Amino acid sequence: MNLDQLQRAFEEIYHRPPQFIVRAPGRVNILGEHVDYNDGPVLPAAIDQAVYIAVALGEDGCARLHALDLNQQVALRLDDLAEKRDRDGNPLPGWALYPAGVAWALQQAGLYTSGLLAAYTSDIPIGAGLSSSAAVEVGFAFAWQTLGGWEISRLTLAQHCQTAENQFVGVSCGLMDQFASACGIEGHALYFDTRSLEWDAAPIPPEVALVIADSGVRRNLTHSGYNERRAACEQAVRELQQYLPHIRSLRDVKTTEFAAYSMFLSEIPRRRAEHVVKEIARVHSAVSALRRADKQALGALMYAGHNSLRNLYEVSTPELDTLVELTRSLPGCIGARLTGAGFGGCTLNLVEVDQAEAFIAGLQRGYMRTTGRQAKIYLCRASQGVSLL
Ligand code: GLA
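Just add 37 to the spot in the sequence shown (first one is 1) and you have my numbering.
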């Protein structure tokens with residue numbers, strides 16, 4: 038659906054034009070997977086694919102939400118969100134928990150959420166590890182900010198969205214996805230320290246394309262598997278604290294300390310922690326590789342990151358492994374790995390722009406030959422964060 042169609046759909050539903058359209062992007066993560074809830078650094082980039090929300094002020098203290106791609110709508114009272122029910126008392130459908138949760142989190146922070154009319158569409162594939170839900174959250178937070186006339190930093194906006202997801206939707210995610218959707222910078226990766234909340238942009242060399250390959254496979258395990266991984270990391274911290282009493286999270290464990298004490302850990306927490314401790318070191322190396330435009334080093338770190346997610350963190354799938362393995366014999370590939378939480382979804386490939394076409398054709402052919410499946414492949418650019426169009 039293009040912007041004209043979005044505008045027309047809004048007018049048909051609400052019999053008036055929208056006041057503005059918000060764009061909030063999805064993200065890829067170049068490196069630093071499953072480290073944001075361990076206080077570590079991450080290296081995401083916002084992408085071209087985004088959620089588009091047409092918005093106008095609502096007069097009656099209600100939010101009217103129309104999810105155009107699902108052809109579903111709901112109206113909810115903004116002064117009575119905690120029950121998670123619509124205006125008629127029915128439980129909110131799953132998709133509406135995201136905007137409703139954002140309004141709830143903004144209110145918790147003392148920020149005014151006016152009545153709103155919204156219709157939205159997205160070209161971020163759902164459940165593919167590209168943060169389609171964080172984009173919805175950030176887009177709606179920005180819509181309420183614009184209508185309310187209050188100003189907070191983009192980082193704070195992202196934090197309210199994380200609160201919505203953690204406390205209202207009930208997913209214990211870290212801050213990376215909301216941060217990337219809020220703070221993205223065109224042509225840049227974002228080096229974000231999830232403990233200090235400091236961040237900095239690192240340019241992606243213009244000759245490097247971001248190629249996303251969707252395996253087409255989704256695992257239902259995502260929420261339970263994610264929460265289990267998180268719990269295993271917390272257990273590893275508790276076990277390591279016997280030897281390293283100063284540590285608060287896996288972020289505080291040096292690779293040398295891990296080597297000295299990992300033998301005392303239980304089996305599963307040991308494997309999960311090994312991934313996290315080494316992944317944090319890889320992010321530090323990756324950001325310096327990016328800064329000196331050392332593509333070979335960056336690519337090697339991505340492949341190492343994928344192996345670790347497969348063997349130690351155990352969140353890959355055979356299809357994602359196939360997509361990564363195929364790239365090793367394809368033209369122009371700098372590095373490849375699964376991106377996002379895993380359990381299905383997408384790989385991110387860094388590819389020389391002038392060979393991207395041949396790379397994509399080769400990956401598509403190889404994936405079909407090996408799995409009998411069609412991979413959807415997107416050639417992306419790092420894009421700016423949430424904005425008004
Ligand atoms: C999901 C979560 C993020 C992060 C990644 C894994 O996308 O929302 O906070 O933990 O998984 O790196």
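Cβ atoms here follow ideal geometry from the backbone N, Cα and C, with glycine treated the same way. This one's a predicted model, so the numbers in the text were calculated from it and none came from an experiment.
| message | Please list the terminal residues of the continuous alpha helix (DSSP H) segment that includes A119. | response | Within the sequence shown, residue 119 is the residue found at index 82, counting from 1. Segment: none, A119 is in no alpha helix (DSSP H) and carries neither H nor E.
| What residues are listed by DSSP as bridge partners for I430? | Nothing can be reported for residue 430: it is not among the residues displayed for the chain, which extend from 38 to 426.
| said: Taking a contact to mean a Cβ-Cβ separation below 8 Å, would you say L387 touches L360 in this structure? | reply: What you label residue 387 is simply residue 350 of the sequence shown in a count that begins at 1. What you label residue 360 is simply residue 323 of the sequence shown in a count that begins at 1. The answer is no: Cβ separation not under 8 Å.
| request: Can you give me the start and stop residues for the beta strand (DSSP E) that G63 sits inside? | output: In the sequence shown, residue 63 corresponds to position 26, counting from 1. Note, G63: beta strand (DSSP E), 57 to 66.
| query | Hey, would you say G185 sits closer than 8 Å to Y157, going by beta carbons? | reply | As a working note, residue 185 is residue 148 in the sequence shown. As a working note, residue 157 is residue 120 in the sequence shown. No, they are not a contact pair.
| request: Answer yes or no: do A100 and L115 have a C-beta to C-beta separation smaller than 8 Å? | output: One-based indexing of the sequence shown puts residue 100 at position 63. One-based indexing of the sequence shown puts residue 115 at position 78. Yes, they are a contact pair.
| field | Buried versus exposed call for M213 [16 or more other C-beta atoms within 10 Å across all chains shown] | value | Counting from one through the sequence shown, the residue named residue 213 turns up at place 176. Buried is the label assigned to M213, since at least 16 other Cβ atoms lie within 10 Å of its Cβ.
| request: Check whether the Cβ atoms of L68 and G342 sit closer than 8 Å, and answer yes or no. | output: Counting from one through the sequence shown, the residue named residue 68 turns up at place 31. Counting from one through the sequence shown, the residue named residue 342 turns up at place 305. Result yes, Cβ atoms of L68 and G342 sit closer than 8 Å.
| If you draw a straight line from the alpha carbon of S233 to that of Q144, how long is it in whole angstroms? | Working through the sequence shown from its first residue, we reach residue 233 at position 196. Working through the sequence shown from its first residue, we reach residue 144 at position 107. Annotation: S233 to Q144 spans about 25 Å, alpha carbon to alpha carbon.
| task | Go ahead and pull the three-state DSSP assignment for T158. | result | In the sequence shown, residue 158 corresponds to position 121, counting from 1. Note: T158 maps to strand in three-state DSSP.
| field | Nearest-angstrom beta carbon gap, A393 and V248 [assumed within contact, 8 Å] | value | Counting from 1 along the sequence shown, the entry for residue 248 is found at position 211. Counting from 1 along the sequence shown, the entry for residue 393 is found at position 356. At roughly 6 Å, the Cβ-Cβ gap stays under 8 Å, so V248 and A393 are in contact.
| said: Given a cut-off of 8 Å on the beta-carbon distance, is the pair S424 and E223 in contact? | reply: Sequence index remark: in the sequence shown, residue 424 carries index 387 (1-based). Sequence index remark: in the sequence shown, residue 223 carries index 186 (1-based). It is not a contact, given that the beta carbons lie outside the stated cut-off.
| query | Would the beta-carbon of D251 be found less than 7 Å away from any heavy atom of the ligand GLA? | reply | Taking the first residue of the sequence shown as position 1, residue 251 is located at position 214. Flag unset: Cβ of D251 not near the ligand GLA.
| request: May I have the straight-line CA-CA distance separating D106 from K291, to the nearest angstrom? | output: For the purposes of this step, residue 106 is taken as residue 69 along the sequence shown, with counting starting at 1. For the purposes of this step, residue 291 is taken as residue 254 along the sequence shown, with counting starting at 1. Roughly 46 Å separates the two Cα atoms.
| query | In chain order, what residues place their C-beta within less than 5 Å of a heavy atom belonging to the ligand GLA? | reply | E70, H71, D73, C210, G211, M213, D214, G377, A378
| query | Less than 8 Å separating the beta-carbons of E316 and F295? | reply | To locate residue 316, count along the sequence shown from 1; it is residue 279. To locate residue 295, count along the sequence shown from 1; it is residue 258. Contact flag unset, no.
| Counting Cβ pairs, one atom from each stretch, are 3 or more of them under 8 Å apart for the region 68 to 84 and the region 340 to 355? | yes
| query | Would you report the Cα separation of S366 and E244, rounded to the nearest angstrom? | reply | Mapped onto the sequence shown, residue 366 falls at position 329. Mapped onto the sequence shown, residue 244 falls at position 207. Roughly 20 Å separates the two Cα atoms.
| CA-CA distance, R406 and Y51? | On the sequence shown, residue 406 is found 369 positions in, with the first residue counted as 1. On the sequence shown, residue 51 is found 14 positions in, with the first residue counted as 1. When rounded, the distance between both Cα atoms is 48 Å.
| request: Would you please state the rounded distance, in angstroms, between the beta carbons of L134 and A91? I believe it to be under 8 Å. | output: Numbered from its first residue, the sequence shown carries residue 134 at position 97. Numbered from its first residue, the sequence shown carries residue 91 at position 54. L134 to A91, Cβ: 21 Å. No contact.
| field | Collapsed DSSP secondary structure at G381 in the structure displayed | value | Along the sequence shown, read from residue 1 onward, the residue named residue 381 stands at position 344. Strand at G381.
| field | Alpha-carbon to alpha-carbon, A140 and V313 | value | Residue numbering aside, residue 313 sits at position 276 when the sequence shown is read from its first letter. Residue numbering aside, residue 140 sits at position 103 when the sequence shown is read from its first letter. Rounded to whole angstroms, the separation of the alpha carbons of A140 and V313 is 33 Å.
| query | In angstroms, rounded to a whole number, what distance separates the CA positions of L346 and R45? | reply | For this step, residue 346 is matched to residue 309 along the sequence shown. For this step, residue 45 is matched to residue 8 along the sequence shown. The alpha-carbon atoms of L346 and R45 are separated by roughly 44 Å.
| According to DSSP, is Q333 helix, strand or coil? | As a working mapping, residue 333 is identified with position 296 in the sequence shown. It is helical.
| request: Name, in chain order, the residues that DSSP records as bridge partners for F229. | output: For the purposes of this step, residue 229 is identified with residue 192 of the sequence shown, where counting begins at 1. In the DSSP output, where bridge partners are listed per residue, F229 has V79, W236.
| For A395, the first and last residue of its enclosing alpha helix (DSSP H) | Walking along the sequence shown from the start, residue 395 turns up at place 358. From DSSP, the alpha helix (DSSP H) with A395 extends over 393 to 408.
| query | For I90, which beta-bridge partners are listed by DSSP? | reply | In the sequence shown, counting from the first residue as 1, residue 90 sits at position 53. Answer is V59, Y157.
| query | For R267, which residues of its own chain have a beta-carbon under 7 Å away from its beta-carbon, when the five flanking residues on both sides are left out? | reply | Taking the sequence shown and counting its residues from 1, one reaches residue 267 at position 230. Here the set comprises Y74, S209.
| task | Report yes if the CB atom of A172 is closer than 8 Å to the CB atom of A87, and no otherwise. | result | The residue given as residue 172 occupies position 135 in the sequence shown. The residue given as residue 87 occupies position 50 in the sequence shown. Yes.
| request: May I have the straight-line CA-CA distance separating G221 from P81, to the nearest angstrom? | output: Taking the sequence shown and counting its residues from 1, one reaches residue 221 at position 184. Taking the sequence shown and counting its residues from 1, one reaches residue 81 at position 44. Spanning the two alpha carbons is a distance of roughly 9 Å.
| Contacts around L102, its chain only, beta-carbon distance under 7 Å, and the 5 residues preceding and following it disregarded | Within the sequence shown, the letter at position 65 stands for residue 102. Excluding sequence neighbours, L102 sits near Q110, V111, A133, P136, A155.
| message | Assuming G372 is part of the alpha helix (DSSP H), what are its boundary residues? | response | Taking the first residue of the sequence shown as 1, we reach residue 372 at position 335. Premise fails: G372 lies in the beta strand (DSSP E), 370 to 376, not in any alpha helix (DSSP H).
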